[in-house]
Amino acid sequence: MASTQVFCGTFIHSTNKDPLSILENTIIGVERDKIIFIDKEDKIKERLEEYRLSNNTVKHLTSDQFIIPGFVDTHAHAPQYTFCGKGMDKGLLDWLECYTFPTEANFKDPEFARDVYSKVVDRFLKNGTTTASYYATIHKETSILFCKIIDEYGQRALVGKVNVDQKAPEYYIENTAESVAETEEFVKAVTALENPLITPCVTPRFAVSCSEELMREVGQIAKKFHLPIQTHLSECRPECQMVKHVHPKGLNYTDVYNHAGLLTKRTILAHSIYLSDEEIDVIKLKGCGISHCPNSNLTLKSGLLNTRTLLDKNIKIGLGTDIAGGYSPSMLNAIRQTVQVSNTHAILAEKDGKEYKPLNFKEVFRLATLGGSQVLGLSDVIGNFEVGKQFDALIIDPQCTNSAFDLFDSDKTKEDILEKFLFMGDDRNIKSVYVAGRCVYEAGKRVVLSHRD
Ligand code: GUN
Ligand code: FE
């Protein structure tokens with residue numbers, strides 16, 4: 001990798017103020033992993049002189065191409081990629097029993113794990129997911145192996161060794177003390193990889209399958225090592241009933257986690273569909289983020305998250321594929337399904353004579369990039385293009401060979417073209433994928449990286 005790179009063309013990203021900010025005729029300078037300048041193209045000569053750069057460091061985009069921030073998948077189960085696109089006939093609890101636990105149990109085997117985990121990271125990067133928050137399995141060794149594979153491919157990730165000590169089959173359950181000890185060992189092993197792109201994440205699966213003691217203990221590990229936490233919350237009605245039964249002392253589902261010390265500024269709560277106003281207030285007060293997983297919520301028939309209500313309350317929201325509850329590993333699919341679920345709320349509201357403002361594609365694009373970075377506690381590092389942030393970016397080519405969509409004379413603006421890409425594009429249109437300034441995928445092919453310098 002050249003240590004300084006300059007990109008010249010159109011950049012499209014979101015800011016807190018503006019869900020869609022289009023920077024045309026712009027140059028962005030990247031030194032190693034970071035953006036060092038953003039300027040208008042007519043300043044290119046001065047900027048090259050200032051940084052003593054030659055013209056050859058400049059990558060000029062064609063007039064149709066544009067650069068967007070890499071997608072942030074805030075919730076994905078890597079081992080479940082093996083049965084992604086299958087087993088959609090059940091609701092959550094039966095689905096876990098019939099497909100998920102038996103599959104995840106196979107990840108005791110490192111050879112099997114290596115094969116699947118390599119394919120997941122490959123698929124995610126190819127689809128433009130530069131950062132993912134992954135659940136691995138209960139197995140410490142192969143969860144560490146997963147982190148090594150992510151390191152080899154150059155993706156940015158949060159990774160959790162999953163904790164399960166109750167209400168699971170005997171072939172896929174841990175003893176409480178062992179689960180706690182192995183979580184700490186996992187954290188230390190991942191830290192020892194010294195890859196700043198990979199963060200261990202404390203991952204108690206959900207309140208059904210974790211005892212109060214386990215949740216409290218792993219919460220302490222998060223506190224001791226300043227780590228993020230991820231879990232599932234209020235995904236479907238039968239699960240919420242089950243939590244009442246398993247943790248009768250909790251005032252509600254959210255309270256079970258709060259009581260165990262699991263709600264922090266760095267907690268990622270997947271789904272969170274059936275929350276009362278009191279629960280939403282606690283989540284807001286604690287500064288937790290919500291991962292919206294619309295494909296999974298529809299595929300497992302869990303429910304329809306009301307994103308507008310949560311956004312109006314300034315709760316952090318990102319999008320998640322939740323493979324394999326969701327059948328698609330692509331964040332473009334998560335974007336589309338988020339729009340459709342929001343539209344469904346509008347249709348249902350209209351039926352009741354109420355007004356509802358569904359999310360538009362610009363707001364959803366922001367959730368898939370900047371929103372996700374906020375949920376993962378990485379908004380100082382990634383999410384959009386700002387001087388000082390790292391360069392995680394996708395070069396989008398709407399006119400590539402075999403493009404997934406066509407452009408017409410009526411597609412006049414960059415906004416039109418972005419909208420078409422978000423709704424009709426696919427990985428063929430993702431020409432290059434950059435993570436922390438390194439090109440990791442080019443024309444759908446992995447770029448084999450030299451060791452991090
Ligand atoms: N709740 C507990 N485990 C899981 C899982 O693997 N997937 C989903 N969607 N929900 C869960
Ligand atoms: Fe999940």
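Per UniProt numbering, numbering of the sequence shown is gapless, rising by one per residue and ending at 453. Using N, Cα and C, we set each Cβ at its ideal position, and we do this for glycine too.
Nearest Cα to D397 within the set L269, K431, G154 and I28: K431. Along the length of the stretch 372-441, whole beta strand (DSSP E) runs at least 3 residues long occupy 393-396 and 430-435, reported in chain order.
Put simply, of F385, T369, G91 and L422 the residue whose alpha carbon is nearest the alpha carbon of A132 is T369. Assignment of I280 by DSSP, reduced to helix, strand and coil, places it in the helix class. Between the alpha carbons of F112 and F361 lies a distance of about 39 Å. Within the same chain, L92, L93 and V208 come within 7 Å of E239 by CB-CB distance, once the 5 residues on both sides are set aside. For H75, the three-state secondary structure derived from DSSP is strand. Our two residues, R216 and Q230, have alpha carbons roughly 14 Å apart in a direct line. Fewer than three pairs of CB atoms, one per stretch, sit closer than 8 Å, so the stretch 101-111 makes no contact with the stretch 402-413.
Under the DSSP assignment, A105 falls in the alpha helix (DSSP H) whose first and last residues are F101 to A105. Sequence-distant partners of E24 (beyond 5 residues in either direction) whose C-beta falls short of 6 Å from its own C-beta, in its chain, are T10. Minimum Cα-Cα distance from Q5 among the listed residues T264, F37, D322 and Y171 corresponds to F37. If you check the CB distance, V116 and P79 come in under 8 Å. Per DSSP, the continuous beta strand (DSSP E) segment holding C8 begins and ends at T4 to H13. In this structure, DSSP gives Q241 a helical state, which the three-state scheme calls helix. Nearest C-alpha to I323 among L145, H77 and E178: H77.
Taking all protein chains shown into account, Y135 has 16 or more neighbouring C-beta atoms within 10 Å of its C-beta and is therefore buried. When the five nearest sequence neighbours on each side are left out, the beta carbons in the same chain lying within less than 8 Å of the beta carbon of R123 are those of Y81 and P329, in order along the chain. For H292, no alpha helix (DSSP H) encloses it; the enclosing beta strand (DSSP E) starts and ends at G289 to H292. The beta carbon of N252 lies closer than 8 Å to those of S276, E278 and E279 in the same chain, with the five residues before and after it left out. According to the DSSP assignment, V208 belongs to no alpha helix (DSSP H), since it is labelled neither H nor E. Ranked by Cα distance from L298, the options N333, G388 and G219 are led by N333. Taking a cut-off of 8 Å for Cβ pairs, the stretch 306-326 and the stretch 285-293 touch, as three or more such pairs fall below it.
In this structure, R114 keeps its C-beta atom at 8 Å or more from the C-beta atom of L158. C288 and N163 have their C-alpha atoms spaced approximately 20 Å apart.
Q337: member of the alpha helix (DSSP H) spanning M331 to K351, first to last residue.
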